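Undergrad:
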Amino acid sequence: MAEVVFVIHAGQMALVLFGWLLPFPYYYLYLADLSLTFLNQLIWRSCFLTAWEFYFRHIADPSIKNDRYFLTYYSDKYFPSFVTDGLVDRASLVFLSVSLAFAAFRLAGIL
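What follows is the structure, encoded as structure tokens:
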């Protein structure tokens, strides 16, 4: 089950990263996902998909903790201690803020 949540989470991240390439009928899906992701990050500082994934991973392997970000957990496997929770937190808020600003400009016809 953790793998299913991982695939959904990876797809959601791909939509946040590349949704601006979608044509206009689907652009609103990107805008909704971007807005919800930003609010989720701003208010709770974590993603519910990460919590679900780590919940299922903890059931399979009790040594896995769920106190880290999705990106921190997976990047730590290849680059230990390079990507920290603080870095992910700040970078995601900046990226989401800038993405929302560009999306607003695109909807206004400025871009």
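The sequence shown runs 433 to 543 under this note's numbering. Every residue gets a Cβ at the ideal spot worked out from N, C-alpha and C, and that includes glycine. Source: prediction; values computed, not measured.
1) Measuring CB to CB, does R500 end up less than 8 Å from A434?
2) Provide the residue span of the alpha helix (DSSP H) that contains S529, from first to last.
3) Hey, out of I440, L528, G451, whose CA is closest to A483's CA?
4) Just the Cα atoms here: how many angstroms apart are L481 and F450?
5) Determine the closest residue to L525 out of A535, Q444, T469, with distance taken between C-alpha atoms.
6) To the nearest angstrom, how far is the alpha carbon of F514 from that of R522?
7) Kindly indicate which three-state DSSP category M433 falls into: helix, strand or coil?
8) DSSP three-state call for S495: helix, strand or coil?
TA: So, from the listed chains and residues:
1) Here residue 500 is taken as the residue at index 68 of the sequence shown, counted from 1. Here residue 434 is taken as the residue at index 2 of the sequence shown, counted from 1. No, they are not a contact pair.
2) Walking along the sequence shown from the start, residue 529 turns up at place 97. Element bounds for S529: 517-540.
3) In the sequence shown, counting from the first residue as 1, residue 483 sits at position 51. Nearest C-alpha to A483: I440.
4) Position 49 of the sequence shown, counted from the start, is the residue given in the question as residue 481. Position 18 of the sequence shown, counted from the start, is the residue given in the question as residue 450. Spanning the two alpha carbons is a distance of roughly 19 Å.
5) Residue 525 sits at position 93 when you count from the first residue of the sequence shown. Of the listed residues, the one whose Cα sits closest to L525 is T469.
6) Translated into positions along the sequence shown, residue 514 becomes position 82. Translated into positions along the sequence shown, residue 522 becomes position 90. About 15 Å.
7) Translated into the one-based positions of the sequence shown, residue 433 becomes position 1. Looking at M433 - three-state DSSP - the assignment turns out to be coil, as it is neither helix nor strand.
8) Residue 495 sits at position 63 when you count from the first residue of the sequence shown. In the structure shown, S495 sits in coil (DSSP, three-state: anything other than H, G, I, E or B).
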